[in-house]
Every structure is written in structure tokens, then in C-alpha cells.
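Residue numbers (this note's numbering), protein chains in the order written: chain A, 505 to 863; chain B, 1468 to 1869. For reference, the structure discussed in these notes is given below.
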């Protein structure tokens, strides 16, 4: 069956370790971090959440609900038919707080607050509750596939009913517990580096990041349509460069494109000498295409590809690549039509997303 | 080309049986898994009884044919046991398994192991066998480990929508087949009991220290349970080509949100209504054709009232036979949707309606009552299964006889 369908992105809202929550700038000045942990630059939450609700919410629920609200204002959509969220580790801070309460108090006099706020679907539920959306609601939690399976879920829903309008979001949170425990699995660098020097690093491990991004998503363009998602692919633990290349080729050919049709590549290198091997090898062969990197700005987390997705739609919308993300000397063509996002998470989850300009 | 989704295999492990036939035997003999916690080390082992699988982790490992010392959590092992039974019941070849997708659901994943080794894992000076559980706090960990063990690469996903998770995993599996991403998906959920969940539900004050009483006026709350169940979904063409006889058709499904409260259901059960109505409508049948409902029926005051009212409203005075099998298994949280899907398949195959245990006094607010005795010889053509959860998530699956 030939796919001719496009999935339109009609707005976005993102809170990240850079100032991305408003349109003040497009990564022109960037924030430096020296502790291997990047945390969100947050807006005044009162702008997006009513004060009574605000008091009851954890930091991450505030960030997530604000990102969703920014997105809905940005897309100017009065009607949301469904909410789909992806997260890798969920609400780590509340999970750890609840766990420490249970273990530290020998299971006595435990309060329910952190437990309730640690549920993976708490954000999708909260967003639906806030806008009284009784439609489709789902939460995907598969590590480095969480955002992509959420997007894919929406794509399949839209294939069935193209009149719908979805809100697709992500969240993941920097947290000490995960940082410490996963250091055992070499997830993070032993030495402290500046995030801005991430790609000069020659050691194993990466830096920890966080964020929440929301996108308004439909099968028909609207007045605020930014670009479209053509298609996506996920690849679990590819064994070779060839396997990854084959997946990219298949994604392109299934949509009647050649690699020459790609104007910019957004690469999910994480500054980890081992985990970046495959992606570097693939990008090396595509060196004629302008390449962009982003994990020095977002840090690494399961749903970091949603930062790349926002970066991609912003590049297409602005027709401009910020200096802070350029990684090779190739200039983008005067008209940027298509962007390929190529991401990896901990050398296990590889994903590819193809974005196209809309005009 | 047909868009029909067939269920060609299933497997289930709960406190009432380590495979489908043991579960069936317990259901028809009204044996529940309720009792003191003996395997999980917790301060509540006498005060908060639950429906626990009375097998130590190493006993589960040997049942599943896996070695200890490789970081398999209890949830992963339960998942593998049920998934392997599902694969066997469908009779999938190695090649067919490889070409399948795997969608699994969990609410706690490997948090049981994380809490057990929490202080050791946090102290980087300590080293030992506990290090194999370094990333089990991640909910997707169990799915990826199952996928690696089963040799599935084609499509991997994990769903966590609290107590409706595995119903949503089954729906997502059906969507993957309809969109021709894969021809076959193994989908379901796995859940192991943990201090984390027991204390969480206890703090919310929705656990009954007695055996739970779904839909009874004296109900005080739910009993937690553990378990796993998976179904094999195939496109009609794939099932026919392989010469497999389906257990049933996944005729319809719907996912909605109550949008009422973070952890409670709306008093009028609007979300529950939407899910049931949507599933029936998507199956192209009418409410009056439903022969049996496997209710969510957690035995909390809140759920049973709103689910009951939603059933009364939807079926307009002619509510079909219904029962909650959580009175046998407890609430297996993310696994509940797939466990109860497996029970629906058993009901349809044998023509049995499993009775709702512990029901004595009807609720004042409702005019309906669950089945309390084993019903035999029923021709169950259309069966509905409900799964609702925190965050307002409500889902219903509709099974049709083939």
C-alpha cells in the first residue's frame, strides 16, 4: 500500500535546559552546564497553570502541563481529540521520594502524594483533565522508543480517522538516583565536562538531560501548520552499520525519496565514544549533507529525540540553522525542504524520523 | 483485504495458576489466590493479604527455563512464562516469533528489585550480584529483555496507563496489524507485587484487609495481585495461511479518558461508558448483543459504583451477565487487562461464565447484580472486557466468537 499521507505538526511547546519555552530566541545564546546534569530553564508557571492547580503539582508535572499549554496556544487549536505521552523513566523524583519514604519509615505512615504523582500516565491524565479531553489517552514507556511509539500511535489513529487532532508529548527528568545508579552501567561520564564540549569528549558515558515537549498533530493542515512528519522507523539493537543504513534506506524508499532529498541531518550523538560509533559511521558517509547535533544542549534522556523533533520543525519553520547546533562546514541549501532525524539511546534504541517542509 | 484481528494463542500466570489450564481449574472451582504475603518481604505480610504467586523467584526461573544471575526480574520472568505459553498455544515457529511484534505493559516493572537492592545500588563502593538489576527501575526494561530472550526485534513497545495498561497494549497490537506494520503481535502485560505498590495503594486507603467483594454493598477496597498474560494477535490472512484456528476475534476496542480526577473515577462513570460504547460501536454490533461482561470490578467503592452506573446507562435496563474475576486474582494492575482477556477467551471456548466471588448484598445505588454461580453451556458470541485506571484511563475490549 502506497503511503501518500502526511502528518501535520501545527504547533509546539518545549521546556528544556535551554531557553526554549518562548519565541525570544532560537538557540542563539546557549546555557553552559559543568556538572554533567542539565536541568530545565522554566517559565513562570503561573502564566500557564492556575494557582490552585499549581500548588498541588510536582515540578515535572508543572513543566509538562506548561509545555502542553504552550503548544496548544501556539497551535491555536480549540479542539484536542486525544493525548499521547512518551516517557522513559517517568517521574523519577517522585518515584525516589516515595521509595525512600517506604524504605526509610519501614512501611509505616506513608503519604500517598508521591505515589500518585509517580504514575507514568499522570501527565497524560493531567493534560486530559485540564482540557476536559475524554478522547484517546495513552502513555508509552519504552526507553529510547517512548516518543517514537507515541508518535506512531497517533499516526495510526489518524490513519483510521483523519479528522482528529492529537496532542503528543514527552517528559523525562534529571534525577540523582538514576544518575548514581546508572553510572554503574556507564551511562554517564566519570569526569565532569562542559556540555558545550560534549562532542570533543573521547570517553564513555554521556551527560544527563531532561525536558518536556508537546506537539499538535493532525492529518489535515491547519492555519498554523509548521511542517509534516512523513514517516518514522525504530530499530532495536542493530548489530552493524549496514543494518542501520538499510533501515534508513528503507524509510526513504518507502516514501519515494533518495538520500539526496535530505537537506539536513539531525544526529543524536551523545558524546559517548562507544554508543556513538554506529551513528558516526553512518553520518560520515553522508557528510555532504549539513549535520546538526543537539544533545550538548538538551543532555541525554530517553525522550531526547523530542528535542530533536522540535529543533527540526523550528529549522523548517525559520529556514535557518542556529550556529550553536551546526556540526559540519556544509551550508544548508537556501530552501530547506526535508530533515532526517537519526537518534540513538544508549546504543540500544535507534530511531529515524523524516520531516518535510509545509508551505 | 480483511481488517480482522484473530487471537490465535494466549498464556496466563496468576496466583490461581501458573498456566491457562490451572487458572481455568481454579475459576470453575471458585478458588481464589487471596492470602498472607509469604514470598515478598514486607512489613505488611500479615496485615495486608494479597493474591501472591506462591513461587520463589528461582522456582519461576526454572519454570521459565532461564538462569538466575542474569538480571531477570520477577515481572520479566512472569512475563516470559505467560508469553511462552501464548506462543506455544498458537504454535508459532521460531521464524514466526522473530517476525512478530512485542507490546508489553507494566505499572511497576522491576521496581521490586530496585527497592530490594536500593541502598546497595546507590552506594557506588559496593559491588555484587545486585548489580544485575541496575536498570530495572525502568518500565521498558522488562519488554526489551523479553524481546531479546524471545528473539523479537521487529517492533517493541511498552505501555503504562496504570490499571488499563495491558488492554491498551492489546489495542496497540491490533493497530499495528491493521496498519500492516507487522502480521502478528504478542501483547499483554506483567506485574509483580512490590512494597512500592502495596504501600502506595495502602496510603490511598483503597486496600481491603479482607478478601475483596466486587459489586457488594459492603465492599471496602481491592486486593492487590500479581501475574502476567499475553495474547497472540494475527491478521486473518496470516492466521489462515498458517492454518491456525483462532480462539476468538478481537472485534472492537476503545480507549477513552474520564477527565474527572487524577486517581478517582467520575461518579457517573462517563469514561467507562465511553470505553464500552466505543468498543461495541467499533465492533459494528449493538449493546443488546453482548452476552457477558468481564467487569473491571476492583471492589473499591468508587470503581464499582461508577462502572455499575455506566453499565446500567449503556445497556438501558438490560445489562448482560457480568462478573469480576478480580475476586480470584486480586487486581494485577497493568496485567489485569490481558489476564481478563485470557479469562474471556476461556469463557467463550467452554461456554462458562465464572462467578463473582463474595457477592452477598446488592448495592443500593444499583439495580444490577453480578453472576454468583458458575454458568455452564452458554453460547457466548460477544464478550466485553473492561479495564480502567488512574489518570482517568478507561479501555474496553470486545471479543467475538469465530
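Quick reminder that beta carbons are idealized off the backbone N, C-alpha and C, glycines included.
Option in the options with minimal Cα separation from residue i
| i | options | result |
| --- | --- | --- |
| residue 1851 (chain B) | B:1844, B:1756, B:1839, B:1783 | B:1756 |
| residue 1793 (chain B) | B:1473, B:1477, B:1478, B:1483 | B:1483 |
| residue 1471 (chain B) | B:1828, B:1707, B:1612 | B:1707 |
| residue 1603 (chain B) | A:658, A:612, A:681, A:637 | A:681 |
| residue 1538 (chain B) | B:1596, B:1777, B:1499, B:1510 | B:1596 |
| residue 1691 (chain B) | B:1781, B:1514, B:1486 | B:1514 |
| residue 1661 (chain B) | A:641, A:559, A:606 | A:606 |
| residue 539 (chain A) | A:851, A:697, A:838, A:777 | A:697 |
| residue 588 (chain A) | A:762, A:524, A:716 | A:716 |
| residue 1749 (chain B) | B:1642, B:1555, B:1859 | B:1642 |
| residue 686 (chain A) | B:1569, B:1588, B:1728 | B:1588 |
| residue 1780 (chain B) | B:1751, B:1739, B:1765 | B:1739 |
| residue 1825 (chain B) | B:1679, B:1570, B:1590 | B:1679 |
| residue 825 (chain A) | A:813, A:794, A:811 | A:794 |
| residue 1569 (chain B) | B:1540, B:1613, B:1552, B:1559 | B:1613 |
| residue 1704 (chain B) | B:1508, B:1498, B:1716 | B:1716 |
| residue 1746 (chain B) | B:1593, B:1675, B:1637 | B:1637 |
| residue 864 (chain A) | A:671, A:790, A:822 | As shown, chain A starts at 505 and ends at 863. That puts residue 864 (chain A) outside it, with no answer to give. |
Within 8 Å, strictly: CB atoms of residue i and residue j
| i | j | result |
| --- | --- | --- |
| residue 1663 (chain B) | residue 1608 (chain B) | no |
| residue 1862 (chain B) | residue 1721 (chain B) | yes |
| residue 1865 (chain B) | residue 1718 (chain B) | yes |
| residue 570 (chain A) | residue 594 (chain A) | no |
| residue 1473 (chain B) | residue 1701 (chain B) | yes |
| residue 1693 (chain B) | residue 1761 (chain B) | no |
| residue 771 (chain A) | residue 787 (chain A) | yes |
| residue 860 (chain A) | residue 720 (chain A) | no |
| residue 844 (chain A) | residue 783 (chain A) | no |
| residue 1639 (chain B) | residue 1653 (chain B) | no |
| residue 1734 (chain B) | residue 1772 (chain B) | yes |
| residue 675 (chain A) | residue 591 (chain A) | yes |
| residue 740 (chain A) | residue 853 (chain A) | yes |
| residue 713 (chain A) | residue 803 (chain A) | yes |
| residue 1833 (chain B) | residue 1767 (chain B) | no |
Neighbourhood of residue i by C-beta, 6 Å cutoff - its chain only, sequence neighbours within 5 removed
| i | result |
| --- | --- |
| residue 505 (chain A) | For residue 505 (chain A), the pLDDT reaches just 43, beneath the cut-off of 50, and the residue's location in the model is therefore unreliable, although a value from the coordinates is still provided. Same-chain partners within the cutoff: there are none. |
| residue 1480 (chain B) | 1545, 1548, 1549, 1694, 1695 |
| residue 1520 (chain B) | 1482, 1693 |
| residue 828 (chain A) | 531, 534 |
| residue 1789 (chain B) | 1760, 1762, 1837 |
DSSP state of residue i mapped onto helix, strand, coil
| i | result |
| --- | --- |
| residue 1707 (chain B) | helix |
| residue 646 (chain A) | coil |
| residue 779 (chain A) | coil |
| residue 1717 (chain B) | strand |
| residue 506 (chain A) | Note on residue 506 (chain A): pLDDT 47, under 50, position unreliable in the model; no value is reported. |
| residue 1674 (chain B) | strand |
| residue 1753 (chain B) | coil |
| residue 676 (chain A) | strand |
| residue 1501 (chain B) | strand |
| residue 511 (chain A) | strand |
| residue 1486 (chain B) | coil |
| residue 629 (chain A) | helix |
| residue 1548 (chain B) | helix |
| residue 460 (chain A) | With chain A covering only 505 through 863, there is no way to say anything about residue 460 (chain A). |
| residue 1625 (chain B) | strand |
| residue 804 (chain A) | strand |
Continuous beta strand (DSSP E) stretch holding residue i: start and end
| i | result |
| --- | --- |
| residue 590 (chain A) | 586-590 |
| residue 842 (chain A) | 842-849 |
| residue 861 (chain A) | 853-861 |
| residue 731 (chain A) | 731-740 |
| residue 1476 (chain B) | 1472-1481 |
| residue 1506 (chain B) | No beta strand (DSSP E) contains residue 1506 (chain B), which DSSP labels as neither H nor E. |
| residue 1841 (chain B) | Looking at the DSSP string, residue 1841 (chain B) is not in any beta strand (DSSP E), and its letter there is neither H nor E. |
| residue 821 (chain A) | Per DSSP, residue 821 (chain A) belongs to no beta strand (DSSP E); it is in the alpha helix (DSSP H), 809-822. |
Span of the alpha helix (DSSP H), counted from its first residue to its last, around residue i
| i | result |
| --- | --- |
| residue 1810 (chain B) | 1803-1817 |
| residue 747 (chain A) | 745-758 |
| residue 1655 (chain B) | Element bounds for residue 1655 (chain B): not the alpha helix (DSSP H) but the beta strand (DSSP E), 1651-1658. |
| residue 1578 (chain B) | 1578-1583 |
Close beta carbons around residue i, own chain, < 8 Å, minus the five adjacent residues each side
| i | result |
| --- | --- |
| residue 1844 (chain B) | 1818 |
| residue 792 (chain A) | 834 |
Contacts around residue i, its chain only, beta-carbon distance under 7 Å, and the 5 residues preceding and following it disregarded
| i | result |
| --- | --- |
| residue 599 (chain A) | 622 |
| residue 1835 (chain B) | 1775, 1778, 1779, 1786 |
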